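Inspection log for the structure reproduced underneath, given as structure tokens.
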Amino acid sequence: MIQEEREQGRTVFLSSHLLNEVERTCVRVGVIREGRLVVIEAIQELRKKRVKWAEVELTREVDPDTFRVPGVRSIQQEGKKLRLALEGHYQEVLQVLARSPIGDLTIRDASLEEIFLEYYAEDKDRQP
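If you number the sequence shown the way this note's numbering does, the last residue is 1387 and the count never jumps.
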């Protein structure tokens, strides 16, 4: 029903904690934190401003510090699998990846849930 209304050009306000549903249904979203609207924007625009994730499966274990270059915000490692949070310029990251023993590589945008959690993490970081 919501999808039908949207297709007819009507504005629908939807409040939900099921962010995968919101992502499938909505074009624009707002994030409310502590009773204040902190952002309202098209989902695609939010994604452009946030991290991308590189999920790297290596053919052998490599020291994760190899990937600590400009453009990598954080690194998570589980054996031969790495998850890199990418932001900004990717030139140095791409150079490191090109020299690495990669079995598989996937680069994806952050999900709406990951974006939402970033807004709340930013708030937590500001607390004394």
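Quick reminder that beta carbons are idealized off the backbone N, C-alpha and C, glycines included.
Bear in mind that the values here come from a model prediction, so they are computed numbers and not experimental data.
message = Mapping the DSSP letters down to three states, classify Lys1311 as helix, strand or coil.
response = strand
message = Check this for me: beta carbons of Ile1261 and Leu1371, under 9 angstroms apart or not?
response = no
inquiry  = For Arg1367, would you say it is in contact with chain D, using Cβ-to-Cβ distances shorter than 9 angstroms as the test?
reply    = Checking the listed chains, one finds no chain D in this structure; it contains a single protein chain.
task = Under 6 angstroms Cβ to Cβ from Gln1335, same chain only, skipping five residues before and after it: list those, please.
result = Arg1342
task = From the DSSP output, in three-state form, read off Arg1385 for me.
result = The predicted model places Arg1385 with a pLDDT of 45, which falls under 50 and marks its position as unreliable; any figure quoted below should be read in that light. Three-state result, Arg1385: helix.
request  = Report the option in Thr1365, Val1286, Glu1316, Arg1306 whose CA atom is closest to the CA atom of Tyr1378.
outcome  = Arg1306
request  = Can you tell me which of the three DSSP states Thr1325 falls into?
outcome  = Note: Thr1325 maps to helix in three-state DSSP.
query = Taking Cβ positions, are Glu1314 and Thr1270 nearer each other than 9 angstroms?
reply = no
key: Own chain partners of Asp1363 with C-beta closer than 7 angstroms, once the 5 adjacent residues on each side are dropped   = Glu1316
query = Among Arg1358, Thr1284, Glu1373, which one has its Cα closest to the Cα of Glu1263?
reply = Thr1284
task = Note down the Cα distance separating Pro1329 from Leu1353, rounded to an integer number of angstroms.
result = 11 angstroms
message = Taking DSSP's pairing of strands, which residues face Leu1365 in a bridge?
response = Note that residue 1365 corresponds to Thr in the displayed sequence, not to Leu. Partner(s): Glu1314.
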